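Report on one structure; see the data block that follows.
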Amino acid sequence: MRRTHFTDDHGLFRDSFRTFVEREMTPHHAEWDEAGIVPRELFASAGAAGFLGMAVPEEHGGGGVEDFRYSQVIGEELQYAGVASAGLGMTLHTDICIPYFLSLATDEQKARWLPGIVTGELITAIGMTEPGIGSDLASMTTTAVRDGDHYVVNGAKTFITNGINADLVITAVKTDPTQRHAGMSLLVLERGMEGFERGRNLDKVGLHAQDTAELFFTDVQVPVENLLGAEGKGFAHLVDNLPQERLSIAVSGVAAAEAALRWTLDYVQERKAFGSPIASFQNTRFALAEMRTEIDVSQVFVDRCVEALNERALSVEEAAEAKWWCTELQKRTVDRCVQLHGGYGYMLEYPIARAYIDARVTTIYGGTTEIMKEIIGRSLT
Ligand SMILES: Cc1cc2nc3c(=O)[nH]c(=O)nc-3n(C[C@H](O)[C@H](O)[C@H](O)COP(=O)(O)OP(=O)(O)OC[C@H]3O[C@@H](n4cnc5c(N)ncnc54)[C@H](O)[C@@H]3O)c2cc1C
Numbered sequence: 262m263r264r265t266h267f268t269d270d271h272g273l274f275r276d277s278f279r280t281f282v283e284r285e286m287t288p289h290h291a292e293w294d295e296a297g298i299v300p301r302e303l304f305a306s307a308g309a310a311g312f313l314g315m316a317v318p319e320e321h322g323g324g325g326v327e328d329f330r331y332s333q334v335i336g337e338e339l340q341y342a343g344v345a346s347a348g349l350g351m352t353l354h355t356d357i358c359i360p361y362f363l364s365l366a367t368d369e370q371k372a373r374w375l376p377g378i379v380t381g382e383l384i385t386a387i388g389m390t391e392p393g394i395g396s397d398l399a400s401m402t403t404t405a406v407r408d409g410d411h412y413v414v415n416g417a418k419t420f421i422t423n424g425i426n427a428d429l430v431i432t433a434v435k436t437d438p439t440q441r442h443a444g445m446s447l448l449v450l451e452r453g454m455e456g457f458e459r460g461r462n463l464d465k466v467g468l469h470a471q472d473t474a475e476l477f478f479t480d481v482q483v484p485v486e487n488l489l490g491a492e493g494k495g496f497a498h499l500v501d502n503l504p505q506e507r508l509s510i511a512v513s514g515v516a517a518a519e520a521a522l523r524w525t526l527d528y529v530q531e532r533k534a535f536g537s538p539i540a541s542f543q544n545t546r547f548a549l550a551e552m553r554t555e556i557d558v559s560q561v562f563v564d565r566c567v568e569a570l571n572e573r574a575l576s577v578e579e580a581a582e583a584k585w586w587c588t589e590l591q592k593r594t595v596d597r598c599v600q601l602h603g604g605y606g607y608m609l610e611y612p613i614a615r616a617y618i619d620a621r622v623t624t625i626y627g628g629t630t631e632i633m634k635e636i637i638g639r640s641l642t
């Protein structure tokens, strides 16, 4: 279906990002999958090409354009090219972490961090999840006790995307452990702070080129100048930023489904069984028709959500709808496409097999499908 919300500028941006992916990412993807991490230079080259800070004001080195359609283009092209796992760290950096700095950082913090974030010299991450809690964020136990001009941080985070590569970690802490939501704050922990240790790069089912790690904090002294936003308002800050995070995941979800369908259309027209292309069987045509329909319907909704985000009108509930719907769509579409590939669909040299192992986590991270339905359901009753 023809999409109407991109302009010629987005088209040119898409062409240039696609070229970047073909040149800088596709040739190295298998090697990065093997290594379990992308090199820091990937961020530096994406930064040099202007792909990391479209929304950052020009005075800090960014593009000065607040338009989520550029992020959408990046998220889509990474999926279409089959390099989702290598690109996840970049989209986390731009779509999920940068907005916290833009909306909450003081002028001094912006001047200190944003230029490096835009060039890719400073890689960002966000640490909410702990070994003992994920969905129930208000039960987190990492503490930050004020002591003069710094906080003393103790605790641990886990499953942190960019956990090994990150220089700046937006860390959710309890500044008042006697409170639940009202006791939470956000602190930026920096690479090299004494007592801030990284655990191992976790061994995941998929997303192999993405470093996901545990972080440990033992009496880390964090200057009060690293408080992001207001003390005690951490939960409210997370709630404000989560719709964009969830929409970013939804954008990638529909694009992943679209990519899977394209690869499958090629495959079923070439592959033969019983003397005929797989595509000629009615079962195949019905499966393709159902997937085409579901993707088109979902794409219209996601594009509308992107417009609403640009208008600052995307609600928490609408973002939750997009997140659970598009990631469940991704999961079932990729699974059906593996089936249509037969045994080759299970071989990692085929992009559909990598898409299959990469898809599974998307209904879990960024808030599970069940939590998304809780958010929507609560607003209805
Ligand atoms: C690859 C990967 C990358 C990640 N990246 C990050 C990151 O960068 N930063 C970060 O902070 N976190 C990250 N996470 C963590 C992720 O956000 C959490 O795993 C997720 O929020 C779920 O939390 P949990 O794993 O503790 O599951 P739990 O909260 O223990 O949930 C387990 C199950 O119980 C269900 N459940 C929980 N509560 C309810 C309820 N009230 N009603 C119904 N069902 C419920 C859940 O839906 C789920 O099915 C990442 C995780 C993975 C796997």
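Just add 261 to wherever you are in the sequence shown, counting from 1, and you've got the numbering used here.
From the three backbone atoms N, C-alpha and C, an ideal C-beta is built for every residue, glycine too.
No experiment lies behind these values; they were computed from the predicted model shown.
Consider the C-beta atom of residue i and the heavy atoms of ligand 1; say whether any pair is separated by less than 7 angstroms.
{"i": "LEU641", "result": "no"}
{"i": "MET315", "result": "no"}
{"i": "LYS435", "result": "no"}
{"i": "THR473", "result": "yes"}
{"i": "GLU551", "result": "no"}
{"i": "SER396", "result": "yes"}
{"i": "TYR626", "result": "yes"}
{"i": "GLU589", "result": "no"}
{"i": "ALA366", "result": "no"}
{"i": "GLU451", "result": "no"}
{"i": "PHE267", "result": "no"}
{"i": "ILE510", "result": "no"}
{"i": "LEU468", "result": "yes"}
{"i": "PHE420", "result": "yes"}
{"i": "VAL622", "result": "yes"}
{"i": "ILE335", "result": "no"}
{"i": "LYS644", "result": "The chain is shown only over 262 to 642; residue 644 falls outside these bounds and no answer can be derived."}
{"i": "ILE359", "result": "no"}
{"i": "GLU458", "result": "no"}
{"i": "GLU631", "result": "yes"}
{"i": "ALA386", "result": "yes"}
{"i": "LYS721", "result": "Limits of the chain in this structure are 262 at one end and 642 at the other, which puts residue 721 out of reach."}
{"i": "GLU506", "result": "no"}
Answer with buried or exposed for residue i, where buried requires no fewer than 16 other C-beta atoms within 10 angstroms of its C-beta.
{"i": "VAL485", "result": "exposed"}
{"i": "VAL515", "result": "buried"}
{"i": "GLU319", "result": "exposed"}
{"i": "THR352", "result": "buried"}
{"i": "SER513", "result": "buried"}
{"i": "PRO504", "result": "buried"}
{"i": "ARG645", "result": "The structure shown does not extend to residue 645, since the chain is modelled only from 262 through 642, so no value can be given for it."}
{"i": "LEU609", "result": "exposed"}
{"i": "ASP294", "result": "buried"}
{"i": "ALA307", "result": "buried"}
{"i": "ASP356", "result": "buried"}
{"i": "ARG615", "result": "buried"}
{"i": "GLN333", "result": "buried"}
{"i": "VAL282", "result": "buried"}
{"i": "PHE304", "result": "buried"}
{"i": "SER364", "result": "exposed"}
{"i": "ALA491", "result": "exposed"}
{"i": "TYR412", "result": "buried"}
{"i": "ASN544", "result": "exposed"}
Residues in the same chain with beta-carbon distance under 7 angstroms from residue i, minus the five sequence neighbours each way, listed in chain order, please.
{"i": "VAL396", "result": "The sequence given here has Ser at residue 396, not Val. Counting only Cβ-Cβ distances below 7 angstroms, and skipping sequence neighbours, we find THR629, ILE632."}
{"i": "GLN340", "result": "SER513, ALA516, ALA517, ALA520"}
{"i": "THR419", "result": "THR390, GLU391, PRO392, GLU475"}
Looking at residue j and residue i, is the spacing between their C-beta atoms short of 8 angstroms?
{"i": "GLY493", "j": "SER446", "result": "yes"}
{"i": "ALA417", "j": "PHE496", "result": "no"}
{"i": "ASN423", "j": "ALA399", "result": "no"}
{"i": "ILE636", "j": "VAL577", "result": "yes"}
{"i": "ASP480", "j": "GLY456", "result": "yes"}
{"i": "ASP472", "j": "ILE298", "result": "yes"}
{"i": "GLY638", "j": "LYS584", "result": "no"}
{"i": "LEU448", "j": "VAL406", "result": "no"}
{"i": "ALA590", "j": "GLU551", "result": "The sequence as given places Leu at residue 590; Ala does not occur at that position. No, they are not a contact pair."}
{"i": "ILE431", "j": "LEU476", "result": "no"}
{"i": "VAL361", "j": "ASN502", "result": "Reading off the sequence shown, one finds Tyr at residue 361, where the question assumed Val. Yes, they are a contact pair."}
{"i": "VAL267", "j": "ILE335", "result": "For the sequence presented, residue 267 should be read as Phe rather than Val. Taking 8 angstroms as the Cβ cut-off, PHE267 and ILE335 do not qualify as a contacting pair."}
Leaving out five residues before and five after residue i in sequence, what residues of the same chain have Cβ atoms less than 6 angstroms from its Cβ?
{"i": "GLU327", "result": "ALA316"}
{"i": "ALA580", "result": "PRO504, ARG507, LEU508"}
{"i": "ASP410", "result": "VAL485"}
{"i": "THR588", "result": "GLY514, THR623, THR624"}
{"i": "GLN530", "result": "PRO538, ALA540"}
{"i": "ALA548", "result": "ARG597"}
{"i": "VAL561", "result": "none"}
{"i": "SER346", "result": "LEU468, HIS469, ALA470, GLN471, ASP619"}
For ligand 2, I want to know if residue i counts as a neighbour, meaning its beta carbon is within less than 7 angstroms of at least one of the ligand's heavy atoms.
{"i": "MET389", "result": "In terms of ligand content, the structure shown lacks ligand 2 and carries ligand 1 instead."}
Give me, in chain order, the residues of the same chain whose beta-carbon lies closer than 8 angstroms to that of residue i; leave out the 5 immediate sequence neighbours on both sides.
{"i": "ASP557", "result": "MET262"}
{"i": "THR402", "result": "GLU391, GLY393, ILE394, GLY416, LYS435, PRO438"}
Is the segment 456–468 touching the segment 620–629, taking contact as three or more C-beta pairs under 8 angstroms?
The segment 456–468 vs the segment 620–629: in contact.
Segment contact, 8 angstroms Cβ cut-off, at least three pairs: the segment 519–537 with the segment 563–572:
These segments do not touch.
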